[in-house]
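Protein chains in written order, with the working numbering: chain W, 1 to 258; chain U, 1001 to 1307. For every residue, glycine included, the Cβ atom is placed at its ideal position computed from N, Cα and C. Computed from a predicted structure; not experimentally measured. Here is the structure we will look at, set down as structure tokens.
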Amino acid sequence: MTPHFEAGTFTPAPGRGPLGRMLATQVSLETRLALRQGEQVLLTLVIPLALLVGLALLRVVPLPEPRVTSVLGTVLALAVMSTAFTSQAISLGFDRRYGVLRRLAATAVPRWLIVLGRLGGMATVVAVQLVVLAGVALLLGWRPGTGSLGWVLLLVLLGTAAFGAAGVLLGGTLRAELVLAVANIVWFVLLFAGGVLVPVAALPGPLAAVVMLLPSGALAEGLRTALLGGAPTLGQVLVLLAWAVIAGGIAGRTVRWS
Amino acid sequence: MSGPAVEVRDLVVRYQGRAAVDGLDLDLPAGRVLALLGPNGAGKTTTVEVCEGLRRRDAGEVRVLGVDPAGAPDALRARLGVMPQGGGAYPGVRVREMLGLVAACAANPLDPEWLIETLGLASCARTPFKRLSVGQQQRLALACAVVGRPELVFLDEPTASLDPQGRRLVWELVRGLRADGVAVLLTTHLMQEAETLADHIVIVDHGRVVAQGSPESLTAAGADRELRFRAAAGMDLRLLASALPEGCTVTEPSAGSYLVEGSIDPQVLSAVTSWCARQGVLADDLRIARRSLEDVFLELTGRELRS
């Protein structure tokens, strides 16, 4: 059964593949991995969809009309947080455990391209979430005409950067099991007490002040305002930018590849 | 492709103050196979990782294909094929996807489907990495190491978890690489593997080179000075010692394994066999000319290679 290799089979012909092909292969692979892993899909698509449909149709929580528009902002913020922070941190934690970053670092791929490939995969998943959630919202009666879609896209972008930086910082520094626990707990706390599900205005005073400085509060409040036709405050934009820059800066220095 | 593939001088790597590699030298000529042989914790993996550019060194000179790997320059990495210990892949990635990703990084990759077939991975080509057996993970790692048609391949413990059939496959692959002019640096703690595959063996222990040379020169050194045989453990050697010529000694270095040292001539051989006959035991595996690498290692380090 042992094969015999014909002469010339392995004759060296080294070289780096085209950067575009390397990037496209990695982005497509990381996107597929994220979209076929059950726990991640639950977090990034199923729960936001269930909340969107449930809160829009069931009148248990009083919300400003049109209900679906109010809910969409909440659900988009949750979707960004789930993908860029929790899902990203957990997959990075286990990818490090399984040595994939070292594996890729040992190929001809430049390191910046590996990082770009990860970000590209994350951005693609966020884009899929946007399309799916907006599509379902349309079916539920959402009319985009009233909203400032430019602001919505900017906020989603900034939110992805802020949560993504924090997610990389968490997933890139701790042990995989610890990342799993912390990322899920933070997700849960931010969902209920971080300004996502419960608006900042409904939170007790001191907590509200803190939540305004969290990416969750800034993103969710900004998105709700923008979808109703308003503009986010400068403070909300600055909070998201600051989280992206500061967490990204720390991550750049501390993240370990294995 | 002239000049050495790997040159290491006085390499030092410390972990928390302790030297894992402590003044190590290596030379791998282009197109040859070098085996780093040593027990676990000897510093083999650390040395290889420094050469791959994946680990910093604290001191020493390293040249890989003429280039310092310290900054892990992209242009150098493109010429290397690396099999890290334990592989390395996304936990949920399928075999075919992972090999495809690594192949996409190379300008002229081998056909991934051919490699999957050849390395016996066809039946698990759609299986996620974390559900593969350790042997399958190892064969995938091997495929990833060679798919880019590198000039130099680093294989860290390439057969550690393979069955005999998988091991023969790896050996055949290494021979194929060598025949086509690819240099291979492999680590192993299997003597037979080093003896079978390598042009040059470097035995390391505690981060230092304790011996090096071709398999023949390592096992031949001092061979005319000793005779070895196996018999029942714990035999009384006093009678034999008195029958041996002046200057010869007999010991039992490990249970059931006997060593006669001195000038080995027909008289010594006759003394040993007649003593065995008188004891009513059959001397087994009696040899004069060659030591095994295991013996060499045991003598040099006082340690068994496989604990």
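Going by beta carbon distance, what residues of the same chain come within less than 6 Å of residue i, once the five residues before and after it are set aside?
i	result
L78 (chain W)	P48 and V196
R1230 (chain U)	G1256, S1257, D1284 and D1285
L1227 (chain U)	V1260, I1264 and I1288
For residue i, is the classification buried or exposed, using 16 other Cβ atoms within 10 angstroms of its Cβ as the cut-off for buried?
i	result
T254 (chain W)	exposed
Y1258 (chain U)	buried
Y98 (chain W)	buried
W1114 (chain U)	exposed
P1084 (chain U)	buried
F94 (chain W)	buried
P12 (chain W)	buried
Y1090 (chain U)	buried
D1295 (chain U)	buried
P14 (chain W)	buried
E65 (chain W)	exposed
D1246 (chain U)	First, the amino acid is wrong: residue 1246 (chain U) is Glu here, not Asp. Classification for E1246 (chain U): exposed.
T146 (chain W)	exposed
Q1192 (chain U)	exposed
Q129 (chain W)	buried
W151 (chain W)	buried
W287 (chain W)	Outside the displayed range of chain W (1 to 258) lies residue 287 (chain W), so it cannot be described from this structure.
R1126 (chain U)	exposed
D1205 (chain U)	buried
V189 (chain W)	exposed
A127 (chain W)	exposed
Using 8 Å as the limit for Cβ to Cβ distance, is residue i near chain W?
i	result
L1026 (chain U)	no
T1046 (chain U)	no
N1108 (chain U)	yes
S1307 (chain U)	Bear in mind that the predicted position of S1307 (chain U) carries a pLDDT of just 44, short of 50, making it unreliable; the figure below should be weighed with that in mind. No, because no Cβ of chain W sits closer than 8 Å to the Cβ of S1307 (chain U).
L1101 (chain U)	yes
G1148 (chain U)	yes
T1249 (chain U)	no
C1276 (chain U)	no
A1104 (chain U)	yes
T1196 (chain U)	no
T1309 (chain U)	Here chain U comprises residues numbered 1001 to 1307, so residue 1309 (chain U) is not present and cannot be evaluated.
D1074 (chain U)	yes
If I measure Cβ to Cβ from residue i and keep anything under 8 Å in the same chain, skipping five residues before and after, which residues do I get?
i	result
C1124 (chain U)	V1095, L1132 and Q1136
P1215 (chain U)	A1194, E1195, A1198, I1201 and L1293
V948 (chain U)	Limits of chain U in this structure are 1001 at one end and 1307 at the other, which puts residue 948 (chain U) out of reach.
P1150 (chain U)	R1079, L1080, G1081 and V1182
R96 (chain W)	G171, G172, A176, R256, W257 and S258
Cutting at 7 Å between CB atoms, please list the residues of its own chain near residue i, excluding the five before and the five after it.
i	result
V1170 (chain U)	L1142, P1158, T1159 and L1162
R1208 (chain U)	D1022, G1023 and L1024
S1307 (chain U)	Note that S1307 (chain U) has pLDDT 44, beneath the 50 cutoff, so the model's placement of it is unreliable and the number below is only indicative. So the qualifying residues of the chain are P1039.
Using a C-beta cutoff of 8 Å, does residue i count as contacting chain U?
i	result
A123 (chain W)	no
A7 (chain W)	yes
V109 (chain W)	yes
M81 (chain W)	no
L42 (chain W)	no
G99 (chain W)	yes
T11 (chain W)	yes
M22 (chain W)	yes
R102 (chain W)	yes
R224 (chain W)	no
R96 (chain W)	no
P144 (chain W)	no
G17 (chain W)	yes
A105 (chain W)	yes
I114 (chain W)	no
P215 (chain W)	no
On the three-pair Cβ rule with 8 Å, is the region 183 to 200 of chain W touching the region 113 to 126 of chain W? no
So, do the region 95 to 113 of chain W and the region 1095 to 1113 of chain U have three or more beta carbon pairs nearer to each other than 8 Å? yes
Could you tell me whether the region 1033 to 1052 of chain U touches the region 1181 to 1200 of chain U, where touching means 3 or more Cβ pairs closer than 8 Å? yes
Closer than 8 Å is the cut-off here; do at least three beta carbon pairs connect the region 1109 to 1119 of chain U with the region 1142 to 1153 of chain U? yes
Taking one C-beta from the region 73 to 89 of chain W and one from the region 1058 to 1076 of chain U each time, how about it: are there three or more such pairs within less than 8 Å? no
To be precise: take each residue of the region 25 to 58 of chain W, compare its Cβ to all Cβ atoms of chain U, and keep it if any distance is under 7 Å. Which residues remain? T25, Q26, L29, L33 and Q37
With three or more beta-carbon pairs closer than 8 Å as the criterion, would you say the region 1012 to 1031 of chain U touches the region 1041 to 1053 of chain U? yes
Between the region 127 to 136 of chain W and the region 194 to 210 of chain W, do at least 3 Cβ pairs fall closer than 8 Å? no
Three-pair Cβ contact test at 8 Å for the region 161 to 175 of chain W versus the region 230 to 247 of chain W: yes
Short-range partners of chain W found in the region 1078 to 1093 of chain U, where Cβ spacing is below 7 Å: A1078, R1079, V1082, P1084, G1086, G1087, G1088, A1089, Y1090, P1091, G1092 and V1093
For the region 1175 to 1190 of chain U, list every residue whose C-beta sits within 7 Å of some C-beta in chain W, in sequence order. G1176, L1177, A1179, D1180, G1181 and V1182
Give me the subset of the region 173 to 189 of chain W whose CB atoms are less than 7 Å from a CB atom of chain U, sorted by chain position. none
Tell me which residues of the region 63 to 93 of chain W have at least one Cβ-Cβ distance to chain U shorter than 9 Å, keeping chain order. S91
Does the region 68 to 76 of chain W touch the region 48 to 59 of chain W, meaning 3 or more C-beta pairs lie closer than 8 Å? yes
Residues of the region 1129 to 1142 of chain U in Cβ contact with chain W at a cutoff of 9 Å, in chain order, please. F1129, K1130 and A1141
Near-chain W residues of the region 1052 to 1066 of chain U (beta-carbon distance less than 7 Å), N- to C-terminal order: E1052 and L1054
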